[in-house]
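Inspection log for the structure reproduced underneath, given as structure tokens.
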Amino acid sequence: MGSFFSSPLSQQPPYVFDMTESEREEVEEQEDGIFRAFHACNLAICESMYRQNALAKIEEEKFKVYRRYWSGVVEKLKEKYPQWTSKDILNLRFHYEAVTEDYKYLLHFCALDELLELFQVDCSPEQRRTMFEAADTHQCSAINFEGFLEVMNNMNIRTPVLRPAGIEENRDEIMVALSDVAEAHPFTQMSFGLF
1 MGSFFSSPLS
11 QQPPYVFDMT
21 ESEREEVEEQ
31 EDGIFRAFHA
41 CNLAICESMY
51 RQNALAKIEE
61 EKFKVYRRYW
71 SGVVEKLKEK
81 YPQWTSKDIL
91 NLRFHYEAVT
101 EDYKYLLHFC
111 ALDELLELFQ
121 VDCSPEQRRT
131 MFEAADTHQC
141 SAINFEGFLE
151 VMNNMNIRTP
161 VLRPAGIEEN
171 RDEIMVALSD
181 VAEAHPFTQM
191 SFGLF
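Following the UniProt record's numbering, the numbering of the sequence shown begins with 1 at its first residue and continues without gaps.
As structure tokens, this is what we get:
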């Protein structure tokens, strides 16, 4: 049971004690270079994650304001993007929220790529990546809602923009009402029968 063929190693690995001083220093320099490269990579990842988390907190608060004052936000966006109607902008927001809600309202390239496939945009992956990186002004490998609208504008998506499946017509009114009740005084909440 369990017999294995084994053959002796043709060359044994060099041991630290069998090396000369110069060989040992050369190996240590190589290891130091590898460790420095790993350290630089880890620092870059940590820095990017820190920027993403900071931006995510800002975007989450911004979306609360967007929902509450959506009509004013739409007017500003219509000035910037005159080819879209207010309904197009609302549907783009719904698409953005559906994809980014789990990621604290930041859109990563993979999710953007899926959305562009949904919108049937004829662009190469390299062009998509270039436009994504141009919209990533915070240098954190993710874009916010304004960056998303900028990319959609640059891609010349066709209008009208369709509403994503499963979104009710009166979703904004419901969200504002729930937000008002959640932020209300406890006595007001009791009058709504929440307790």
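The beta carbon of each residue, even a glycine, is placed where N, CA and C say it ideally should be.
Segments assigned alpha helix (DSSP H), at least 4 residues, entirely inside the segment 13–42 | With a minimum length of 4 residues, no continuous alpha helix (DSSP H) run stays inside the segment 13–42.
Which term fits residue 53, buried or exposed, when burial requires 16 or more other beta carbons within 10 angstroms of its beta carbon?
-> The residue you call residue 53 lines up with position 53 of the sequence shown. So residue 53 ends up on the exposed side.
Rounded C-alpha distance that separates residue 153 from residue 34 | The residue labelled residue 153 in the question sits at position 153 within the sequence shown. The residue labelled residue 34 in the question sits at position 34 within the sequence shown. Cα to Cα, residue 153 sits roughly 43 Å from residue 34.
Tell me, to the nearest whole angstrom, how far the beta carbon of residue 73 is from that of residue 66; I am working on the premise that it is less than 8 Å.
-> Translated into the one-based positions of the sequence shown, residue 73 becomes position 73. Translated into the one-based positions of the sequence shown, residue 66 becomes position 66. With a Cβ gap of about 5 Å, residue 73 and residue 66 count as contacting.
Closest by CA to residue 127, which one among 22, 90 and 155?
-> One-based indexing of the sequence shown puts residue 127 at position 127. Comparing C-alpha distances from residue 127 to each of 22, 90 and 155 shows the shortest one belongs to 155.
What are the boundary residues of the alpha helix (DSSP H) that includes residue 127?
-> Locating residue 127 in the sequence shown gives position 127, where the first residue counts as 1. DSSP places residue 127 in the uninterrupted alpha helix (DSSP H) bounded by 125–135.
Straight-line gap, residue 58 to residue 141 (C-alpha atoms, nearest Å) | Translated into positions along the sequence shown, residue 58 becomes position 58. Translated into positions along the sequence shown, residue 141 becomes position 141. The straight-line gap from Cα to Cα measures roughly 16 Å.
Between the beta-carbon of residue 109 and the beta-carbon of residue 93, is there less than 8 Å?
-> Position 109 of the sequence shown, counted from the start, is the residue given in the question as residue 109. Position 93 of the sequence shown, counted from the start, is the residue given in the question as residue 93. Against a cut-off of 8 Å, the Cβ pair of residue 93 and residue 109 comes out as no contact.
Just curious, the alpha helix (DSSP H) that residue 70 is in, first and last residue?
-> Working through the sequence shown from its first residue, we reach residue 70 at position 70. Element bounds for residue 70: 70–80.
Roughly how many angstroms lie between the CA atoms of residue 51 and residue 23, to the nearest whole one?
-> What you label residue 51 is simply residue 51 of the sequence shown in a count that begins at 1. What you label residue 23 is simply residue 23 of the sequence shown in a count that begins at 1. The alpha-carbon of residue 51 is positioned some 42 Å away from that of residue 23.
Around the C-beta of residue 40, are 16 or more other C-beta atoms found within 10 angstroms, so that it is buried, or is it exposed?
-> Walking along the sequence shown from the start, residue 40 turns up at place 40. Residue 40 counts as exposed, since fewer than 16 other beta carbons sit within 10 angstroms of its beta carbon.
How big is the Cα-Cα spacing for residue 64 and residue 186?
-> Locating residue 64 in the sequence shown gives position 64, counting from the first residue. Locating residue 186 in the sequence shown gives position 186, counting from the first residue. Rounded to the nearest whole angstrom, the C-alpha separation of residue 64 and residue 186 is 21 Å.
Roughly how many angstroms lie between the CA atoms of residue 101 and residue 31, to the nearest whole one?
-> Counted from its first residue, the sequence shown places residue 101 at position 101. Counted from its first residue, the sequence shown places residue 31 at position 31. Residue 101 and residue 31: Cα-Cα distance of roughly 42 Å.
Bridge-paired residues (DSSP) for residue 107 = The residue labelled residue 107 in the question sits at position 107 within the sequence shown. Looking at the DSSP assignment, residue 107 forms a beta bridge with 143.
Where does residue 88 land, buried or exposed, given buried means 16+ other C-beta within 10 angstroms?
-> Translated into positions along the sequence shown, residue 88 becomes position 88. Buried is the call here.
Nearest neighbour of residue 77, chosen from 190, 151, 121 and 146 [CA to CA] | Stepping through the sequence shown from its first residue, residue 77 is reached at position 77. Of 190, 151, 121 and 146, the residue nearest in Cα terms is 146.
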